[in-house]
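According to this note's numbering, the sequence shown is numbered sequentially starting from 73. To keep things clear, I will list the structure first and then write my remarks on it.
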Amino acid sequence: MRNRLCQAIISILFMVFLVACGKSESKGVGKFADKDLDKAINVIDTSGGSIQSETERQDFSDAIAVIRKHAELGNADASYWMAEGRLLEPDDKNYVSLKMSLEFLQQAAKKGHSEAPLALAELYEKEVQDASEAYFWYYIYHYKKDGKVVDYDPD
């Protein structure tokens with residue numbers, strides 16, 4: 073329990089450090105244009121979490137491939153959207169496992185992505201069934217201001 077608390081404190085401090093250094097949600101990274109990332113994210117977003125046809129599956133897989141390139145270059149938005157690769161079949165070359173989804177979401181959260189902590193909390197609660205991790209990420213999501221974790225103040 074004490075070790076878990078120390079890990080939580082270190083994670084919070086690390087995220088605050090990254091935000092203070094200006095590492096927050098970013099759009100384009102490196103040589104890739106924003107346009108291809110935006111198009112790929114749109115494909116994932118408009119799927120509504122459902123892949124009906126073979127064409128949709130291929131479009132979704134291709135979009136995850138584009139998003140992965142940006143995530144590997146450190147783009148917080150891309151890291152956040154990589155978690156959606158869980159919707160692909162495990163035999164798809166662009167499939168993203170639950171473990172990889174958690175890693176990508178943590179990368180996005182540590183870079184200050186505003187929705188990544190909530191996505192992490194929900195995955196830990198519903199799929200991993202780890203209440204302490206879920207609580208930690210719900211805390212991060214609910215007690216931050218301008219990308220920084222703040223103490224709870226009911227006043």
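From the three backbone atoms N, C-alpha and C, an ideal C-beta is built for every residue, glycine too. Keep in mind the model is a prediction, meaning the values are calculated, not measured.
Nearest neighbour of leucine 145, chosen from Ser119, Val115, His214 and Leu109 [CA to CA]:
In the sequence shown, residue 145 corresponds to position 73, counting from 1. Nearest C-alpha to leucine 145: Leu109.
Touching or not, the stretch 178-189 and the stretch 145-157, by the rule of three or more beta carbon pairs under 8 Å?
yes
Rounded to whole angstroms, how far is the Cβ of glutamate 156 from the Cβ of isoleucine 116, which I believe are closer than 8 Å?
If you number the sequence shown from 1, residue 156 lands on position 84. If you number the sequence shown from 1, residue 116 lands on position 44. Indeed they touch by this definition, with Cβ atoms about 5 Å apart.
Those runs of the alpha helix (DSSP H) which lie wholly inside the stretch 92-163 and span at least 4 residues
106-118, 126-144 and 148-154
Quick check on this structure: which residue in Leu159, Asn114, Lys183 and Leu160 has the alpha carbon closest to the alpha carbon of alanine 143?
The count along the sequence shown starts at 1 and reaches residue 143 at position 71. That would be Lys183, whose Cα lies nearest to the Cα of alanine 143.
So, with DSSP's three-state summary, where would you put serine 167?
On the sequence shown, residue 167 is found 95 positions in, with the first residue counted as 1. With the sequence shown as reference, residue 167 is identified as tyrosine, and serine is not the correct amino acid for it. In the structure shown, tyrosine 167 sits in coil (DSSP, three-state: anything other than H, G, I, E or B).
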